[in-house]
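A.B. asks:
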Amino acid sequence: MVDNIDDDCDQLEVDVKKKMDNNQQNGDVVSTEPSNEERDINADIDEQRKKYQPTRLESFFAILKSLIIRALIVYFISFLLKRNQSDNNSVSINNGNNVPKLQAVNIFENGTLFDLYIYLSEAEDFKFDDPKALIWLEQGLIYGDWYSGQNNDGSRNLQYTFTPSDKLQNNGSIYLHVYITKTGKSPNPKAGKNVYAGDYISYRRKMLNKFKKIRYQKRHNLLTGRTTASKEEIQKAKIMDQEYISHWHPNLTINLVTDQTNWMYGQI
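The sequence shown begins at 1 in the UniProt record's numbering and counts up one residue at a time.
#1: Secondary structure at ILE77, three-state DSSP: helix, strand or coil?
#2: What does a CB cutoff of less than 6 angstroms around GLY96 pick up in its chain, not counting 5 residues either side in sequence?
#3: Is any non-hydrogen atom of the ligand HEM found closer than 7 angstroms to the C-beta of GLY140, if you look at the structure I gave you?
#4: Thinking GLU243 and ILE214 are a contact (beta carbons under 8 angstroms), I'd like their distance in whole angstroms, please.
#5: Please list the terminal residues of the continuous alpha helix (DSSP H) segment that includes LEU168.
#6: How long is the line joining the alpha carbons of MET207 and TYR175, rounded to whole angstroms?
#7: Alpha carbon to alpha carbon, what distance is there between ASP130 and LEU113?
#8: What is the rounded straight-line gap between the Cα of LEU134 and the Cα of TYR203?
#9: Any chance you could list the beta strand (DSSP E) runs of at least 3 consecutive residues sitting entirely within the stretch 117-187, in chain order?
#10: According to DSSP, is GLN260 helix, strand or coil?
#11: Helix, strand or coil for PHE61, going by three-state DSSP, please let me know.
#12: Could you check where the beta strand (DSSP E) with HIS249 kicks off and where it finishes?
#13: On the criterion of 16 or more Cβ atoms from any shown chain inside 10 Å, does TYR265 qualify as buried, or is it exposed?
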């Protein structure tokens, strides 16, 4: 029994060897070990890679060159944009004529002494004809000062009472004219050449009163038979149904803007 098993094992080994030899001849089994030719080709490729690999200095110059090219591109783009903007700001077309645009600057620097003139007049275009129109004058104020005044916050207060004229009571208007000049100068052109502020004046005009439409109706409370309207309103309701009345707010605030930003005429 043992001899037969040994003979069978030898027979199996012989069969396996024959099959492996046949497979190698047919090309079914390929050896995984590289041949000498493949080793030479791989060595040549590695050598070529090492040969063409840049050094540290070459890599540094390549990065530097890329950064310089990008910086030049950004510079030329920004230069063209600034040039187009300056051309648009320098020349404008007005009735077919080229007119250079001027740059506006603040004529009052921080710390400049200035005077405040406030006039109350029924004239929309003030002419300095009535001396009594000057209701408030502050001299020696400091531009950009936030700590002076009664409340130590740079503010000033004034309470003024006046009697409205007949014209104002009959749907007239009243204006507040505010002038700011450098200290010692006057906004009045009649003050003289050496005293008149000329172009160094900041001016603002404000219409104080507003018109409100009031409706009059003949209505009474059905329960009490009384009305909340005054006697004057009851009398007016008999002859009219609505009326425009002039009124104004009792409090007015004047703010002085502190800003040193330069700007071009027509750009705001």
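All C-beta atoms, glycine included, are put in the ideal place defined by N, C-alpha and C.
C.D. replies: Once the coordinates are examined:
#1: helix
#2: Any reading at GLY96 must be qualified, since the residue scores a pLDDT of 48, below 50, and its modelled position is unreliable; no value is offered.
#3: This structure does not include the ligand HEM; it has no bound ligands of any sort.
#4: 5 angstroms
#5: 166-169
#6: 4 angstroms
#7: 26 angstroms
#8: 14 angstroms
#9: 134-142 and 175-182
#10: coil
#11: helix
#12: Where HIS249 is concerned, there is no enclosing beta strand (DSSP E), given that its DSSP letter is neither H nor E.
#13: exposed
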